[in-house]
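Reviewing the structure listed below.
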Amino acid sequence: MRWLTPSRVLPSLLLSAPLAIAAITISLQDAGSFKSAAQAAAASSVTMYNNRDSKLIPGKFDGTWWEGGALFTFLINYWHWTGDDQYNDLVIQGMSWQGGPNHDFFTSNYSSYLGNDDQEFWALGAMTAAEQRFPEDPTPGSASWLELAQGAFNDFAGRWDVDKASCNGGLRWQLYPILGGYDAKNAVSNGAFFQLAARLYRYTNNESYANWAETVWDWSVESVLFDNKTWYINDMTHISQNCQDKSNMQWSYNYGSYVAGAAYMYNKTDGGAKWKESVDGLLNSIWTIFFPEQYGGNILSEAACDPIMTCDRDQLCFKGLMANWLSTIALLVPDQAATITTKLKYSAVAAGKQCSGPENDCGMQWFSSSWDGSKGIEQEMSALSIFANSLVAFGPDGASYTPPSIPGPVTAETGGNSSSNPSGGTQSSGEYQPPKQAAITAGDRAGAGILTLVFSGCWIAMIAWLLTGDFY
Ligand SMILES: *[C@@H]1O[C@H](CO)[C@@H](O)[C@H](O)[C@H]1NC(C)=O
Ligand SMILES: *[C@@H]1O[C@H](CO)[C@@H](O)[C@H](O)[C@H]1NC(C)=O
Ligand SMILES: *[C@@H]1O[C@H](CO)[C@@H](O)[C@H](O)[C@H]1NC(C)=O
Ligand SMILES: *[C@@H]1O[C@H](CO)[C@@H](O)[C@H](O)[C@H]1NC(C)=O
Ligand SMILES: *[C@@H]1O[C@H](CO)[C@@H](O)[C@H](O)[C@H]1NC(C)=O
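FYI, in mature numbering (1 follows the signal peptide of the UniProt record, and there is no 0) the residues of the sequence shown are -22 to -1, 1 to 450.
And the structure:
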């Protein structure tokens, strides 16, 4: 994901006072009102997606690549919870196209510039498709959803750092020395790999995935990234500092990546004590940090940037990712369901009030009952996710549910039939294509290479990048 601080990518702010526009009204007891809200946010997300400049490339957003994986995850959730299949073909097309010829979400267009986290969010989206029994791509020769997730998994496993001198394990953020984040080990790259391994384990029952999940977890809790006594997660540490430094920015996707993975492990191990302690500990941190008491304690906020309106495009998606994970945890860890569904429902009602811009555009500050003046596809996507994923709080008859009346994510033993290919993603040489200098200076591909560009004095390229504003 991006490297720079957010100043360049502030959401478009309208200077005039917001017009009084009706919000999206949701009532707590009425499942139908959640569905209508999800329908409206899905429609506006897809309209914005369809109007992008890069619309000839299925799944590719303008100026960012990973967000396609997030949008499709939320649209799969939308179909799962509402039954509305009108966007399924668009999702299938975009996911398969970006899965690429090697079936691992690592195509040559972008692979030189990616962080592990970028690729991971697509892989988690494919896993969601398998677990929610989303229709497979009917095109002959296309990969199954499970195979795409396995293909990406094999890439991550191959990148695990075995060099003792590089902090004795962990995934780096970026893949190549030329990229600024190569020196970093960050929480989300490792947390999302852990989660993917845990989900593959639960779906396939293959112990190799369990071993990987344990390996990533154990490395994480031994590192400065993750304190398993306070359940506090730091954002990043650096190999050049022997992984003793830490940037302690608090981002919800770091917590969400780990806690959802722990919930899958809990569920798969029939209530394993280590995983229960971890789910409960991390959820408590999430409640404290991302559901601030000052807004009543039940409204999700990306606390480091929502209140001061500095969230960049990536960060605007994090509330949506969190809603998706919490809804899944409610099913996997039934004794947390009551707490989770309360917070999801209240957050959805609040987000509805924030969707009161022109044409019901949604802002980012769900805790505020009047539109904050920001809008964009990321705000719509996060609203879509909270509306759709809150439907976990209702049974099929629309009444509030008591767990476990709703089936959880399926596995190969409980109705999941996405076909498995444990050696997926390894058809090609397996060697990464090193980034090409010439391509990087093209400005629209620079992404995380920005630091290197600064160091090598490519000021012109940097300015071009700042102007075109593309990043991954
Ligand atoms: C890669 O870029 C080419 C040229 O723009 C485009 O036609 C193709 O669809 C892209 N592939 C992917 C997977 O984005
Ligand atoms: C917490 O971390 C320590 C190592 O730092 C480890 O021995 C212990 O098993 C961990 N507990 C959990 C629940 O992860
Ligand atoms: C695992 O998830 C299923 C599906 O939601 C649920 O029925 C079951 O009770 C969960 N297992 C545990 C140990 O909580
Ligand atoms: C999986 O099950 C669905 C629904 O029963 C069916 O339509 C689909 O063809 C099956 N897919 C495979 C790969 O067997
Ligand atoms: C289990 O997963 C591992 C690692 O991906 C793979 O090598 C192995 O073939 C898988 N085993 C089975 C029985 O699918």
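Ideal Cβ placement from N, Cα and C applies to all residues, glycine included. None of these values were measured; they are calculated from a predicted model.
Query                                                                                                        : Result
Where His58 falls: helix, strand or coil (DSSP)                                                              : helix
Through-space distance from Thr3 to Ala326, alpha-carbon basis                                               : 10 angstroms
Identity of the residue in Glu200, Ser32 and Asn94 nearest Ala130 by Cα                                      : Asn94
Length-filtered (4 minimum) alpha helix (DSSP H) runs lying within the stretch 3 to 61                       : 9 to 28 and 45 to 60
Spatial distance of Ile418 from Pro155 (CA atoms)                                                            : Unreliable positioning characterises Ile418 in this predicted model, as indicated by a pLDDT of 34, which lies under 50. A coordinate reading is not provided.
Residue environment, Gln173, which counts as buried when at least 16 other CB atoms sit within 10 Å          : buried
For Ala162: DSSP bridge partner residues                                                                     : His216
Endpoints, the alpha helix (DSSP H) within which Lys207 is located                                           : It is not in any alpha helix (DSSP H) - Lys207 carries neither H nor E in the DSSP assignment.
Any chain D beta carbon closer than 8 angstroms to Phe131                                                    : In summary, chain D is missing from the structure at hand, where a single protein chain is found.
Nearest-angstrom Cβ-Cβ length linking Gln357 and Leu294, presumed shorter than 8 angstroms                   : 6 angstroms
Per-residue DSSP class, three states only, for Phe83                                                         : coil
Residues that DSSP places opposite Trp259 in a beta bridge                                                   : The sequence given here places Gly at residue 259; Trp does not occur at that position. The partner list for Gly259 (beta bridge, DSSP) is empty, contrary to what the question assumes.
Separation of Ala(-1) from Tyr65, as counted between CA atoms                                                : 26 angstroms
Inter-residue CB distance, Ala241 and Thr306 (contact presumed, cutoff 8 angstroms)                          : 7 angstroms
Cβ neighbour criterion (16 or more within 10 Å) applied to Lys33                                             : exposed
Local Cβ density within 10 Å of Pro385, reported as buried at 16 or more and exposed below that              : exposed
Beta-carbon spacing of Leu68, Ala170 below 8 angstroms                                                       : no
Separation of Asn338 from Ser347, as counted between CA atoms                                                : 13 angstroms
Check: Pro116 C-beta below 7 angstroms from any heavy atom of ligand 5                                       : no
Cβ-based burial, Gly119 [other Cβ within 10 Å; buried from 16]                                               : exposed
Rounded Cβ spacing between Ala175 and His216 (contact assumed at less than 8 angstroms)                      : With 8 angstroms as the limit, Ala175 and His216 do not qualify as a contact, their Cβ atoms being about 24 angstroms apart.
Host alpha helix (DSSP H) of Ile390 (start-end)                                                              : The amino acid occupying residue 390 in the given sequence is Ala; Ile does not appear at that position. It is not in any alpha helix (DSSP H) - Ala390 carries neither H nor E in the DSSP assignment.
Candidates Gly330, Trp57 and Ser256, of which the one nearest Lys207 by Cα                                   : Ser256
Cβ-Cβ distance between Leu260 and Tyr233 below 8 angstroms                                                   : yes
Ligand 4 heavy atom lying under 7 angstroms from the CB of Asn28                                             : no
Continuous alpha helix (DSSP H) stretch holding Arg111: start and end                                        : Taken as a continuous stretch (DSSP letters only), Arg111 belongs to no alpha helix (DSSP H), as it is neither H nor E.
Residue environment, Thr42, which counts as buried when at least 16 other CB atoms sit within 10 Å           : buried
Cβ pair count under 8 angstroms reaching 3, the stretch 268 to 286 against the stretch 248 to 255            : no
Cα-Cα separation, Asp8 to Trp349                                                                             : 23 angstroms
Neighbourhood of Glu280 by C-beta, 8 angstroms cutoff - its chain only, sequence neighbours within 5 removed : Trp229, Ser230, Phe268, Cys289, Gln293, Leu294, Phe296, Lys297 and Met342
One or two residues paired with Ser378 in a DSSP bridge                                                      : Phe372
Distance cut-off 7 angstroms: Ile336 Cβ against heavy atoms of ligand 5                                      : Residue identity check: residue 336 is Pro in the sequence provided, not Ile. For ligand 5, not one heavy atom lies less than 7 angstroms from the Cβ of Pro336.
For Lys224, three-class secondary structure by DSSP                                                          : coil
Same chain only: Cβ atoms within 7 angstroms of Val199, ignoring 5 sequence neighbours per side              : Asn206
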